[in-house]
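J.:
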Amino acid sequence: MNVSRIALVGGVAASTVLLLAGTASAHVSVQPQGEAAKGGYATVNFKVPNERDDASTVKLEVNFPTDHPLASVSPQPVAGWKIEVTKSKLAEPLDVHGKKINEAVSKVTWTADGKGIEPGFFQQFPLSVGQLPEDADQLVFKALQTYSNKEVVRWIEEPTEGGEEPESPAPVLALTAPAADAHGSAADDKSGDTEKAKETTASSDDASSSNSDGTARVLGIVGIVVGIAGVGFGVLAGRRRSA
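The number in the numbering used here is simply the position in the sequence shown, starting from 1, with 39 added.
Given below as structure tokens:
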């Protein structure tokens, strides 16, 4: 009897842990399509799951980092959602391709004009963003998720140094190495290939030149032999005539 009770309690505890783990892992997140390289542009998706059984997600607000402002932010239309892009003036202008930018996107808001994200579903909200900073390894976007019952979940807690996930973590976009490195390597490879091609061509030219010299020498020797033979033939013919 005691063994059965212990097994029952253990089973309930395990189920509770799994339930809490599933709840904690279901939060607003951001992922790039491909890679988000430093100094470049990327398309990112904000993934929003619905964590409630009795309400739908009807609004999402994504706040952009102020320490690394992004001058270019373009949302992709999402069926059933209205999109509002909010810009703010910058304390210091950005230099983008030689052009001074005095304002940047500070917030993007998606508001459902239909059912929104119903229980058991999720929705992705794509954005094209850039120019990504070159002096950062990640970007933190604080997000607010609003439900149809007026509940607001604030996904605003930044990652800790210990690596443990906060209770309400903010979406974090990890940045990869600059794409220029890859292009530079490719350029180096192409340069090496070009040098090899030049060396091969030079070798071929040298070989061709050597072959041409050899042929000229052979023809010269043949010409001398033919000339000598001609002279000998002329002398012999002259003697015959004299006789």
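All C-beta atoms, glycine included, are put in the ideal place defined by N, C-alpha and C.
Can you give me the Cβ contacts of glutamine 162 inside the same chain, cut-off strictly under 6 Å, excluding the 5 residues immediately before and after it?
T.: So the list reads Val87, Ile156, once near-sequence residues are dropped.
J.: Please name the residue in Val144, Glu100, Leu178, Leu133 whose C-alpha comes closest to that of leucine 212.
T.: If we check each option's Cα against that of leucine 212, Leu178 comes out closest.
J.: Between the Cα of proline 108 and the Cα atoms of Ile195, Gly78, Phe85, which residue gives the shortest distance?
T.: Cα-wise, what sits closest to proline 108 is Gly78.
J.: Rounded to whole angstroms, what's the CA-CA distance from alanine 81 to leucine 166? Just pull it up for me.
T.: If you take the alpha carbons of alanine 81 and leucine 166, they lie about 8 Å apart.
J.: Which same chain residues, not among the five before or five after lysine 121, have their C-beta less than 6 Å away from its C-beta?
T.: These residues qualify, in order along the chain: Thr150, Asp152.
J.: Do phenylalanine 164 and asparagine 84 have their CB atoms nearer than 8 Å?
T.: For phenylalanine 164 and asparagine 84, yes; Cβs fall inside 8 Å.
J.: Below 8 Å on the Cβ atoms is my contact criterion, and I expect asparagine 283 with proline 158 to pass it. Report the Cβ-Cβ distance as a whole number of Å.
T.: Shown here, the chain extends from 40 to 282; a query on residue 283 therefore has no answer.
J.: Could you tell me which of Gln70, Arg91, Ala76 sits nearest to asparagine 188, measuring between CA atoms?
T.: For asparagine 188, the nearest C-alpha among the options comes from Arg91.
J.: Verify whether the separation of the beta carbon atoms of phenylalanine 103 and serine 145 is less than 8 Å.
T.: Going by C-beta atoms, phenylalanine 103 is nearer than 8 Å to serine 145.
J.: Using only alpha-carbon positions, find the residue among Glu190, Trp194, Leu214 that is nearest to alanine 182.
T.: Nearest C-alpha to alanine 182: Trp194.
J.: How would you call valine 168, buried or exposed, if buried means at least 16 neighbouring beta carbons within 10 angstroms?
T.: Answer is buried; the Cβ neighbour count reaches 16.
J.: Using DSSP's beta-bridge definition, name the partner residues of valine 179.
T.: DSSP, once it has assigned bridges, lists Val211 as partnering valine 179.
J.: Buried or exposed: which applies to alanine 63, given that a residue is buried once 16 or more other Cβ atoms fall within 10 Å of its Cβ?
T.: Since pLDDT at alanine 63 reaches only 42, below the 50 mark, its modelled position is unreliable, and no value is offered.
J.: With H, G and I counted as helix, E and B as strand and the rest as coil, what does DSSP make of alanine 143?
T.: Strand at alanine 143.
J.: Could you tell me which residues DSSP pairs with proline 114 in its beta bridges?
T.: Its beta-bridge partners are Leu166.
J.: Can you look up alanine 218 in the DSSP assignment and give me helix, strand or coil?
T.: In this structure, alanine 218 counts as helix in the three-state DSSP scheme.
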